[in-house]
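Residue numbers 1 to 160, in UniProt numbering, belong to the letters of the sequence shown in order.
Before any comments, here is the structure.
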Amino acid sequence: MIALDGWQVPGYETKIKCSFKLAGEDLSGYGSLTLSSDNGVKPAVLSVTTKIPFKDKAELAKLISKAKELDEHGARMIRTVNCDVAESFKVRKTKFDGEMSATEDDEMKAWIISFNLLEVMSKSEREQLQLDDEASNNTIPQSSDGHNSLQQQFESVEGP
């Protein structure tokens, strides 16, 4: 079971896969060393597959409209996700991302629906924003308005 903003995603035999990438780069060159860089933790992706009976066409339409819904700035809606695997991965906020598909299954008289939810404001992202905020608070801004400074000096000089 998975819910978005308290709305239960319709369907049965729902499968949810959660994954994230530990980004890095091989630094070993042509040697046998195992040197690699650590480029952080990328946002998690929830891959959801469910089946919606043909008779529940309105539920499918509602899911599709939620996937397409935009906020007041024209961006995809950010939704609070509730499911066990998302809770385990500490994923709280997501948005629909990538391909959403519905495939007819005549034997089961249902659509097989699949879609992805991309994590927004992950724990790593929130930590980075805090570090950036601390860094900006600990720096002294410098002005680089050289033209005005030079112009003022020129005007204050007396001469022919």
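We treat Cβ as the ideally placed atom computed from N, Cα and C, and that holds for glycine.
Small disclaimer: the values here were computed from a predicted structure and weren't measured.
| query | When DSSP labels each residue in this structure, what does Asp84 get in the three-state scheme? | reply | helix
Discussion item. Here's the rule: buried if 16 or more other CB atoms are within 10 angstroms of the residue's CB, otherwise exposed. What is Ala75?
Written reply: exposed
Practice prompt. Flag this pair as yes or no: are the beta carbons of Ala110 and Phe54 separated by less than 8 Å?
Written response: yes
| task | Provide the residue span of the alpha helix (DSSP H) that contains Glu59, from first to last. | result | Lys57 to Lys68
Review point. Is Thr14 near Ile112, with beta carbons less than 8 Å apart?
Key: no
Please check if any C-beta of chain B sits within less than 8 Å of the C-beta of Ile78. Although the question refers to chain B, the structure presented lacks it and comprises just one protein chain.
**Asked** Between the segment 64-82 and the segment 1-14, are three or more C-beta pairs nearer than 8 Å?
**Response** yes
Item checked: Cβ-Cβ separation, Ile52 to Pro10 (assumed contact under 8 Å), whole Å -> 5 Å
Quiz prompt | Opening and closing residue of the beta strand (DSSP E) in which Asp105 lies | solution = Lys93 to Asp105
*asked:* Measuring only the C-alpha atoms, how far is Lys66 from Glu87?
replied: 21 Å
Are Glu119 and Val85 closer than 8 Å when you measure CB to CB? no
Suppose the cutoff is 6 Å on Cβ atoms and the five residues either side in sequence are ignored; what does the same chain contact list for Met89 look like? Residue 89 is actually Phe in this sequence, not Met. Cys18 and Ala44, listed in sequence order.
task: Please classify Leu46: is it buried, with 16 or more other beta-carbons within 10 angstroms of its beta-carbon, or exposed?
output: buried
Which residues share a DSSP beta bridge with Pro53? Ala110
Check each candidate in Phe96, Tyr12, Asp56 and Glu155 and name the one with the smallest Cα separation from Asp71. Phe96
Exercise. Would Leu117 be called buried (16 or more neighbouring beta carbons within 10 Å of its own) or exposed?
Worked result: buried
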